[in-house]
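**Student:** Numbering (the working numbering), first residue to last: 122 to 347.
Attaching a single structure in structure tokens format; questions to follow.
This is the structure in structure tokens:
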């Protein structure tokens with residue numbers, strides 16, 4: 122049976138109305154997109170009451186800011202790794218299965234043009250997006266495209282965030298600086314140890330999602346997981 126209830130229901134077990142509730146929801150789901158997607162109701166956005174959602178009008182940043190303490194727990198993977206490069210969250214065990222599945226697919230092989238950025242992160246252990254742009258000599262849009270691909274390939278995740286304060290009065294309006302790192306470093310995965318097959322990993326992820334969203338179709342799951 123689904124444990125998903127409408128986010129407007131105050132008794133919902135997956136109601137995102139605080140940083141702690143957001144972490145609990147991610148852990149309950151295992152792996153979940155940040156924003157609305159083809160699986161109706163299955164996103165942090167749709168589990169967040171409207172009064173907590175960030176809309177750029179009243180200054181309430183809600184989940185946009187709550188993702189910072191979520192990532193800083195060291196218990197949540199965050200990055201653009203679902204739905205062809207859209208933001209998502211996962212527990213370390215679910216992310217390990219995603220990594221196992223993704224890296225088995227030729228379409229997610231490391232591109233030669235992305236290698237410089239990836240190897241820079243490998244050497245440093247972690248780099249901010251700003252540092253990566255400087256090392257690679259690229260503009261923001263170019264660098265963003267590369268890091269998004271690396272996140273899709275499960276080669277990089279967001280390991281930390283820094284709030285950025287701007288203006289005369291050093292205001293914080295949701296600007297953030299991400300630090301990228303390898304998931305095997307962040308979560309101490311031993312990628313040389315015996316593990317289940319890639320297909321078993323995919324099936325485990327699909328089953329985990331269907332615990333919350335039993336109505337998810339095979340097509341929707343394939344689009345979500347790649």
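Glycine residues also receive a C-beta, built at the ideal position from the N, C-alpha and C atoms.
1. Scan the region 184-263 and note each continuous alpha helix (DSSP H) run of 4 residues or more that stays entirely inside, going in chain order.
2. Report yes or no: do three or more beta-carbon pairs, one from the region 266-274 and one from the region 320-327, lie closer than 8 Å?
3. Determine the contact status of residue 214 and residue 322, defining contact as a CB-CB distance below 7 Å.
4. What is the residue span of the alpha helix (DSSP H) that residue 335 lies within?
5. On the DSSP letters alone, give me the boundaries of the beta strand (DSSP E) that residue 279 sits inside.
6. Whose C-beta lies closer than 8 Å to the C-beta of residue 289 among residues of the same chain, with five residues either side of it excluded?
7. Are there 16 or more other CB atoms within 10 angstroms of the CB of residue 280, so buried, or fewer, so exposed?
8. Looking at residue 282 and residue 165, is the spacing between their C-beta atoms short of 7 Å?
9. Across which residues does DSSP place residue 302 in a beta bridge pair?
10. What residue range is occupied by the uninterrupted beta strand (DSSP E) comprising residue 153?
11. So the alpha helix (DSSP H) residue 312 belongs to, where does it begin and stop?
12. Under DSSP, the alpha helix (DSSP H) around residue 339 begins and ends at which residues?
13. When you compare only the Cα positions, how much space is there between residue 124 and residue 338?
14. Do you know how far the Cα of residue 203 is from the Cα of residue 231?
15. Determine, using beta carbons only, whether residue 157 and residue 167 come nearer to each other than 7 Å.
16. Would DSSP call residue 166 helix, strand or coil?
17. Answer yes or no: do residue 135 and residue 295 have a C-beta to C-beta separation smaller than 7 Å?
18. With the cut-off set at 7 Å, would you say residue 301 and residue 242 are in Cβ contact?
19. Rounded to whole angstroms, what's the CA-CA distance from residue 129 to residue 234? Just pull it up for me.
20. What does the Cβ neighbour count give for residue 263, buried or exposed, with the cut at 16 atoms within 10 Å?
21. Closest to residue 330 by CA distance: which of 287, 192, 225 and 212 is it?
22. Could you work out which residue in 139, 320, 196 and 159 is closest to residue 148 when comparing CA atoms only?
23. Measure the alpha-carbon distance for residue 291 versus residue 284 and round it to whole angstroms.
24. Tell me whether residue 292 sits in a helix, a strand or coil according to DSSP, three-state version.
**Tutor:** Taking the coordinates as given:
1. 213-223, 236-245 and 250-257
2. no
3. no
4. Counting along the chain, residue 335 falls outside any alpha helix (DSSP H), and DSSP gives it neither H nor E.
5. 278-284
6. none
7. Residue 280 should be labelled buried.
8. no
9. 278
10. Per DSSP, residue 153 is one residue of the beta strand (DSSP E) stretching across 152-154.
11. Taken as a continuous stretch (DSSP letters only), residue 312 belongs to no alpha helix (DSSP H), as it is neither H nor E.
12. Run containing residue 339: 339-346, per the alpha helix (DSSP H) assignment.
13. A caution first: residue 124 carries a pLDDT of 40, below 50, which makes its placement in the model unreliable, though a value can still be read off. Looking at the two C-alpha atoms, the distance is approximately 17 Å.
14. 17 Å
15. yes
16. DSSP places residue 166 in coil when its eight states are reduced to three.
17. no
18. yes
19. Interpretation of residue 129 is limited by its pLDDT of 47, a score under 50 that renders its predicted location unreliable; the figure taken from the coordinates is listed afterwards. Take the alpha-carbon of residue 129 and the one of residue 234: they are about 45 Å apart.
20. Counting Cβ neighbours within 10 Å, residue 263 comes out exposed, since fewer than 16 surround it.
21. 212
22. Measuring from the Cα of residue 148, the nearest candidate turns out to be 196.
23. 11 Å
24. strand
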